[in-house]
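Asks: Below is a structure I'd like to ask you about.
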Amino acid sequence: MLHQLGLRLIYACLLILAVSIAGFALLRLMPGDFAEVLLMSQMDGTLPDAETVARFSAENGFDAPLPVQYLDWLWRVAQGDLGTSFVTGDPVLEDVTLRLGKSLTLALLALGTGLVISLPVGALCAFYPGSLLDRTFATLAVVGMSIPNFWYALMLALLFSLTLGWLPSTGHGTWAHAVLPTLVIGTSISGVLARYVRGCLLEELSQPYVRTARSKGLSDRRVLLFHAAPNVFPAVLTLTGLQFARVFDGMIIVETLFAWPGIGRLLVDSLLSRDYPLIQACFLVVAASYVLINLVVDYAITLYDPRVRGVV
Amino acid sequence: MHHLVSRLRKAAVAAVAASLLAAPVPPVAASEPGTLVVATMWEALPLSMAPRRSRFFNESEILDTLIKLDYQMKLIPGLATSWERVNPTTWRFTLRDGVKFHDGSDFDAEAAKFSLERVIALLPYASDLLNIARMDAKGPLELEIETTEPFAALPNQLTDAITGIYARSSFDAEDKFVKPVGTGPWAFVDYQKQDRTIVERFDGYWGPAPSLEKVVYRYIPDHNSRALALETGEVDFVEHLLPSDVERLSRDAAFKVYVEPSAGLYYGAFNAGEKSVLKDARIRQALNLMVDRDILVKAALDGIGKPAWQFFPDDFPWVSETVTPYTLDLAAAEALLTEAGYAKTDGKWVKDGQPLTLRILSYSSRAEMSPITETLATLLQGQGVATQVQMFTWEGMLDLVKQGDYDVSVVFWTPEMTGHPDLHLKSQFHSKAGLNYQFWVNEEFDALVDKGRTLDAGADAMDTYARAQQILQTDAPIIPLVHKVFVAASSAALDGYRVHPSGFFYNFKEATKK
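See below:
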């Protein structure tokens with residue numbers, strides 16, 4: 001199993017590498033001469049002359065062939081040097097770590113909220129398939145999946161901040177500030193999760209072992225909680241891990257709307273100002289977190305479920 | 001099964017009850033008295049000397065400039081109390097006595113020289129702006145500046161926010177910028193990245209002391225969130241309101257809405273080069289005559305903007321009555337197009353079987369650009385001119401513009417920012433200007449602009465610039481569209497705030513909060 005996990009780790013590293021190459025290429029292929037665009041963003045839209053651009057290019061190694069530039073960057077990253085921001089001159093590592101904590105807090109809270117909502121709802125729906133309750137939640141789930149986050153977030157802010165005055169509409173610092181962003185992302189992923197939990201449980205409940213358990217006289221609750229639920233747990237956990245992508249997606253919008261200084265907004269701001277070392281670092285951190293979380297999920301499942309040991 | 005349901009029901013009730021108990025503590029902290037919380041659209045300042053960032057140091061009045069602009073965009077004393085041109089290339093500035101920097105050090109001619117030199121060294125834009133050849137401290141309070149050519153606009157250029165005066169302690173031993181230390185009414189206190197900048201009243205300020213004690217600039221990038229933060233009382237002042245919020249907040253007595261004309265023009269820059277049909281001035285003029293700016297402002301900006309029929313707004317001191325604004329004149333436009341060889345068939349302008357088609361470019365980072373560009377295209381189509389609209393990033397658009405692969409690029413500039421016409425006319429329309437990607441060459445215009453900057457304010461200068469502006473109208477390298485209107489709102493508790501027309505000045509020192 002260790003061998004298998006080692007392989008997965010190698011795959012994960014390759015994946016992150018691929019993402020970083022894609023990010024690197026994407027930035028360089030954007031319209032405009034790369035060095036000139038960077039200089040222009042530093043000079044507030046004023047165009048630099050050709051000589052300044054050439055000097056800036058040479059100073060930062062932009063005149064080298066792209067693969068050389070990439071390897072150079074990679075080599076420095078391997079040594080723990082993510083470079084300095086072109087806009088502020090601050091070390092990128094400092095910028096990113098400052099926000100990583102805030103974003104991870106939000107991401108984990110959101111995933112947690114998603115699970116807390118979706119597990120009982122999914123179970124309930126699986127218990128009464130086709131009932132009014134089931135259909136209501138099914139509709140809600142579809143609505144939840146379809147509502148765009150930016151609209152939904154504003155509606156929540158209108159209700160909880162303006163009308164009720166319970167929560168601050170923007171900012172960070174206290175737990176109260178985290179409630180709205182968490183709620184938006186958490187509920188937006190709970191629709192998918194709840195439908196999935198329901199589907200898995202329904203399938204389990206039709207298995208012969210469930211019939212056997214029932215015929216032994218076990219209560220429905222026992223069958224659900226102690227027989228069916230443990231079997232769907234790995235699948236639900238896998239999907240939860242995959243939902244991290246959607247969570248990050250949500251964070252880009254939600255962090256901007258709620259003025260929450262996290263990785264999502266750092267990425268948006270650095271993209272707008274073409275702060276290339278910062279963008280690269282954001283790509284890297286987000287890709288790495290995604291891969292890492294899914295790796296941890298897979299590992300947890302192999303520990304939990306003897307059937308998949310050796311298949312991972 | 002029923003057990004499960006009742007269990008879940010109980011749990012749900014308990015959860016709701018718990019959240020209700022936990023929530024009602026009002027976490028929405030209204031700002032303290034004496035503190036003004038301002039929500040900004042841009043991040044106020046990563047502590048760096050990039051132009052937009054360093055403008056904020058002056059906008060927020062941490063720094064003072066040598067010369068300032070009043071509410072009529074006329075020059076008034078700042079850190080310099082008087083100035084005169086002693087010969088065509090030399091200016092002498094008398095500086096204000098007894099001024100202290102926030103760090104306690106004295107402001108004098110040496111300090112002003114040091115600061116301007118640092119700014120020029122760090123910001124290439126400043127050296128183009130100021131044209132300074134040499135600076136000398138002739139006495140403790142006398143600064144002499146020699147320009148590379150006769151340059152009458154220097155005092156105006158010294159109102160530009162990036163020329164704010166920094167104390168030596170703004171820089172470290174290696175001349176690297178550390179933080180803004182100035183002479184303004186507000187001293188820089190704290191900066192939290194991507195979140196807020198805090199300034200506090202400076203008690204040693206040379207002018208009338210502000211009544212507020214502290215101003216907090218919070219960065220809230222989203223337009224809706226910013227307005228919402230004002231309504232919940234989390235902030236006292238918001239800039240850049242959406243038109244829909246303007247109307248709603250105006251009706252509410254709890255808020256004040258500020259809608260004032262300010263420096264800034266949205267215009268279509270024409271490609272007058274070989275690659276575009278617009279090299280024919282008659283077509284450029286015809287377009288100017290056929291676009292109804294009143295409709296454009298209503299349709300694109302909900303009426304929040306001033307229809308632009310000429311380059312500078314008519315209240316700009318340098319606009320003379322001899323400059324004729326465009327008017328909507330469809331008959332004249334049709335006559336010009338016919339003269340240029342076009343004929344209108346089936347409601348479309350066609351020449352040699354080719355419909356008159358314009359490729360219109362703009363960029364989407366400014367929210368107003370797309371509605372303005374699309375409305376312009378629609379209005380042109382209504383007159384039988386086919387259009388292709390393409391939105392890019394600013395850099396992406398410039399890429400095409402530089403190569404001449406466009407007909408119209410819709411842009412925004414603040415041409416009257418320093419209260420002098422030289423800044424924009426020289427940098428944007430002079431045939432030698434680095435930013436002239438319109439391939440527009442008019443030697444008479446060049447000569448007038450080159451002459452204008454050497455002339456002291458007066459009848460001669462006025463006449464020169466009036467003629468230059470008239471050429472801009474008649475030879476039409478651009479189509480002026482909308483003069484910007486500044487929109488902001490505050491809680492009703494804020495008093496004494498006035499919008500400064502330069503567009504680069506918060507000016508909260510006269511404001512009070514009840």
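As given, the protein sequences belong to chains P and B, one line each in that order. Going by UniProt numbering, the first sequence wraps up at 312, each residue one higher than the last. Going by UniProt numbering, the second sequence wraps up at 514, each residue one higher than the last. C-beta atoms are modelled at their ideal positions from N, C-alpha and C, and glycine is treated no differently. These numbers come from a predicted model, not from an experiment.
#1: With 7 Å as the C-beta to C-beta threshold (strictly closer), list the residues of the segment 174-203 of chain P near chain B in chain order.
#2: If contact means a Cβ-Cβ distance below 7 Å, which residues of the segment 239-257 of chain B contact chain P?
#3: Do you know offhand how far Tyr166(B)'s Cα is from His420(B)'s?
#4: Residues bridged to Pro355(B) by DSSP?
#5: DSSP three-state call for Asn442(B): helix, strand or coil?
#6: Within 8 Å of any Cβ in chain P, is that where the Cβ of Leu228(B) sits?
#7: Between which two residues does the beta strand (DSSP E) holding Arg92(B) run?
#8: At the level of alpha carbons, what is the spacing between Leu154(P) and Leu257(P)?
#9: For Met391(B), name the three-state secondary structure that DSSP assigns.
#10: Check whether the Cβ of Tyr342(B) lies closer than 8 Å to any Cβ atom in chain P.
#11: Taking DSSP as the reference, what is the three-state secondary structure of residue 520(B)?
#12: Return the chain-ordered list of same chain residues with a C-beta closer than 8 Å to the C-beta of residue 543(B), the five sequence neighbours on each side being excluded.
#13: Please report how far the alpha carbon of Ala447(B) lies from the alpha carbon of Pro33(B), in whole angstroms.
#14: Looking at the secondary structure, which residues open and close the beta strand (DSSP E) in which Ser409(B) lies?
#15: Could you check where the beta strand (DSSP E) with Ala80(B) kicks off and where it finishes?
#16: Taking Cβ-Cβ distances shorter than 8 Å, what residues in chain P pair up with Thr232(B)?
#17: Who are the Cβ neighbours of Ser105(B) in its own chain at under 8 Å, not counting the five residues just before and after it?
#18: Counting beta carbon pairs with one atom in the segment 143-152 of chain B and one in the segment 201-220 of chain B, are three or more of them shorter than 8 Å?
#19: Is Thr183(B) near Ile67(B), with beta carbons less than 8 Å apart?
#20: For Val232(P), would you say it is in contact with chain B, using Cβ-to-Cβ distances shorter than 8 Å as the test?
#21: Could you round the C-beta distance between Gln194(B) and Arg265(P) to whole angstroms and report it? I think they count as a contact, below 8 Å.
#22: Do the segment 269-286 of chain B and the segment 443-457 of chain B meet, that is, are 3 or more Cβ pairs less than 8 Å apart?
#23: Would you mind stating whether Lys141(B) and Asp103(B) have Cβ atoms separated by less than 8 Å?
#24: Would you kindly work out how many angstroms separate the C-alpha atoms of Thr170(P) and Gly384(B), rounded to a whole number?
#25: Below 8 Å, can you find three or more Cβ-Cβ pairs linking the segment 105-125 of chain P to the segment 184-197 of chain P?
#26: For the segment 281-329 of chain B, which segments carrying the alpha helix (DSSP H) assignment without a break, of at least 4 residues, lie completely within its bounds, in sequence order?
#27: Does Gln79(P) come out as helix, strand or coil in the three-state DSSP assignment?
#28: Distance, Cα to Cα, Leu158(P) vs Ala194(P)?
#29: Can you check whether the CB of Gln381(B) is closer than 8 Å to the CB of Leu336(B)?
#30: Is there a Cβ from chain P that is less than 8 Å from the Cβ of residue 571(B)?
#31: From the DSSP output, which residues share a beta bridge with Tyr71(B)?
#32: Is there at least one Cβ from chain B nearer than 8 Å to Pro148(P)'s Cβ?
#33: One question on the structure: do Ala468(B) and Val449(B) come within less than 8 Å of each other, judged by their Cβ atoms?
#34: Quick one: is Glu255(P) buried, meaning 16 or more other Cβ sit within 10 Å of its Cβ, or exposed?
#35: With respect to the beta strand (DSSP E) encompassing Ser190(P), which residues constitute its N-terminal and C-terminal limits?
#36: If we require 3 or more residues per run, which beta strand (DSSP E) segments fall completely within the segment 158-212 of chain B?
Replies: This is what the structure gives:
#1: Thr174, Ala176
#2: none
#3: 24 Å
#4: Val350(B)
#5: coil
#6: yes
#7: 90-95
#8: 8 Å
#9: strand
#10: no
#11: Residue coverage of chain B in this structure runs from 1 to 514, which leaves residue 520(B) outside it and unanswerable.
#12: Any property of residue 543(B) remains undetermined from this structure, which presents chain B solely from 1 to 514.
#13: 56 Å
#14: 408-413
#15: 80-87
#16: Ser161, Leu162, Gly165, Pro168, Ser169
#17: Ala111, Ala167, Arg168, Ser169
#18: no
#19: no
#20: no
#21: 7 Å
#22: no
#23: The sequence given here has Leu at residue 141(B), not Lys. No; because the gap between Cβ atoms is not below 8 Å, this pair is not in contact.
#24: 48 Å
#25: yes
#26: 281-290, 293-301
#27: coil
#28: 26 Å
#29: no
#30: In the structure displayed, chain B extends from 1 to 514; residue 571(B) sits before or after that span and is not available.
#31: Tyr71(B) pairs with nothing; no bridge assigned.
#32: no
#33: yes
#34: buried
#35: That residue, Ser190(P), is in no beta strand (DSSP E); its alpha helix (DSSP H) goes 175-205.
#36: 186-192, 196-201
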